[in-house]
Amino acid sequence: MQKCTCCGQSFSWKEVCKASAFLYSALTCKNCGTEHTITLWSRLLMGLFISIPMTSIIFFLDRYHLAIGYQIISIFLYLVLITLFFPYLARYKRSKNNTNEHS
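So this is what it looks like as structure tokens:
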């Protein structure tokens with residue numbers, strides 16, 4: 186799990202998940218108040234983890250003429266899995282407009 190770049194305090198899974206769920210909002214350290222923003226690489230990774238497998242799932246399920254209910258359930262389950270694991274993959278960096286004076 187990601188840690189604060191200033192004080193080394195670990196961010197919780199819940200904090201990272203909440204920050205990434207709301208359009209990649211800033212993650213603030215509870216210990217020193219330093220703001221962190223998600224890296225571009227993490228955003229691209231999340232986009233790839235959603236778009237490529239989702240397209241494959243839809244193509245596979247549609248090809249075998251499965252009911253729309255199965256397609257929706259499969260997509261929902263995949264999105265839940267991505268949401269659960271993304272906080273472990275996401276990387277944050279110190280915000281450039283950070284007013285905190287810690288080094």
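Read in my numbering, the sequence shown has 189 at position 4, and its numbers run on one by one without any break. Cβ atoms here follow ideal geometry from the backbone N, Cα and C, with glycine treated the same way. Predicted model, so just to flag it, every value in this text is computed and none were measured.
Would you mind sorting His250 into buried or exposed? The rule is 16 or more other CB atoms within 10 Å of its CB.
exposed
Counting only runs of 4+ residues fully inside the segment 226 to 286, write out the alpha helix (DSSP H) ranges in chain order.
253 to 274
Is it a yes or a no for the segment 198 to 214 touching the segment 250 to 259, going by three-plus beta-carbon pairs under 8 Å?
no
With the cut-off set at 9 Å, would you say Phe271 and Met231 are in Cβ contact?
yes
Determine whether the beta carbon atoms of Arg279 and Thr190 lie at a separation below 9 Å.
yes
Can you have a look at Leu212 and say buried or exposed, based on whether 16 or more other CB atoms are within 10 angstroms of its CB?
buried
Could you give the distance in angstroms between the alpha-carbon of Ser288 and the alpha-carbon of Gln187?
Interpretation of Ser288 is limited by its pLDDT of 48, a score under 50 that renders its predicted location unreliable; no figure is taken from the coordinates.
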